[in-house]
Amino acid sequence: MVKYCAKPKDETNSARAKGSDMRVHFKNTWQVVRVLRGMPMKKAQKYLEDVMEHKRCIPYIRFSHAAGRTPQAKEFGLTQGRWPRKSVELVQNLLKNAESNAEQKGLEVSDLAISHAHVNRAQKIRRRTYRAHGRIGAYMASPCHIEVLLEKRVAAVPKPTAQALRQGRVKPPAHKRFGDRAHRCTYK
141 MVKYCAKPKD ETNSARAKGS DMRVHFKNTW QVVRVLRGMP MKKAQKYLED
191 VMEHKRCIPY IRFSHAAGRT PQAKEFGLTQ GRWPRKSVEL VQNLLKNAES
241 NAEQKGLEVS DLAISHAHVN RAQKIRRRTY RAHGRIGAYM ASPCHIEVLL
291 EKRVAAVPKP TAQALRQGRV KPPAHKRFGD RAHRCTYK
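All you need for the numbering used here is the position in the sequence shown, starting with 1, plus 140.
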């Protein structure tokens, strides 16, 4: 049996998919998967199709020192973004696999959301390149392990009413209770 790093809250209302030692760059795939977390399934698939057509970009936040700037990243409040074709195609295939696993379980695909998506570094694939003066340099690939967990979307928790706040059933946030000294206040 395959091990996953996250367990669903309800096994009957969830579906999973996993890929090990995938030959795509870890850093690019990490960016793609980070954007998809929490998205509804159909919205995520549409977003990835738009990325493939260069209508929207994948925002780069972590491994972004050499990523170029694009106006499409403004959607996420950032300036850097790319269109990593190979990573997007692989994640699309993984989502399609998870979708068919959900259909096999009898789940409605339109009700599913990506509750967990995770990328780990896999063991590097070592090759060599020949350098000047008879030396040999490392020429390595950075593959990754990817896993996706789809779960049925839960209804959003409603905001507390003003009456509930007045009656003391719900605490107002700390910055409203204590003002500028909120960071120093602790409960015993």
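By construction, the Cβ of each residue, glycine as well, lies at the ideal position given by its N, Cα and C atoms.
Everything numeric in this text was worked out from a predicted model, so none of it was measured.
Between Ser255 and Val172, is the Cβ-Cβ spacing less than 7 Å? Their beta carbons are not under 7 Å apart, which means Ser255 does not touch Val172 by this criterion.
In the DSSP output, what is Arg156 paired with across the bridge? Leu289
Quick check on DSSP: helix, strand or coil for Leu252? strand
For Arg261: DSSP bridge partner residues: Cys284
Excluding the 5 residues flanking Cys197 on each side, which residues of the same chain have their C-beta closer than 7 Å to its C-beta? The answer, listed in chain order, is Val191, Thr210, Gln212, Ala213, Gly221, Arg222, Trp223.
At which residues does the beta strand (DSSP E) containing Tyr270 begin and terminate? Start and end: 268-270.
What does the alpha-carbon distance come out to for the pair Tyr270 and His165? Answer to the nearest angstrom: the Cα atoms are 23 Å apart.
Own chain partners of His333 with C-beta closer than 7 Å, once the 5 adjacent residues on each side are dropped: Outside the modelled stretch of the chain, which goes from 141 to 328, sits residue 333, for which no answer is possible.
Tell me, which residues are paired with Gln220 by DSSP? Arg209
Met280 burial status per 10 Å Cβ neighbour count (16 or more: buried): exposed
Cβ atoms of Pro313 and Met162: under 7 Å apart, would you say? no
With DSSP as the reference, label Met181 as helix, strand or coil. helix
Per-residue DSSP class, three states only, for Gly246: coil
Beta-carbon within less than 8 Å of Gly217's beta-carbon, same chain only, minus the 5 sequence neighbours each way: which residues are those? none
Contacts around Lys328, its chain only, beta-carbon distance under 8 Å, and the 5 residues preceding and following it disregarded: The pLDDT assigned to Lys328 is 45, lower than 50, so where the model puts this residue is not dependable, and the model offers no usable value.
Do Lys245 and Ala155 count as a contact pair if the criterion is CB distance below 7 Å? yes
Would you mind sorting Leu305 into buried or exposed? The rule is 16 or more other CB atoms within 10 Å of its CB. It is exposed - the Cβ of Leu305 has fewer than 16 other Cβ atoms within 10 Å.
Locate the beta strand (DSSP E) running through Ala146, then write down its first and last residues. No beta strand (DSSP E) contains Ala146, which DSSP labels as neither H nor E.
Which of helix, strand or coil does DSSP assign to Ala296? coil
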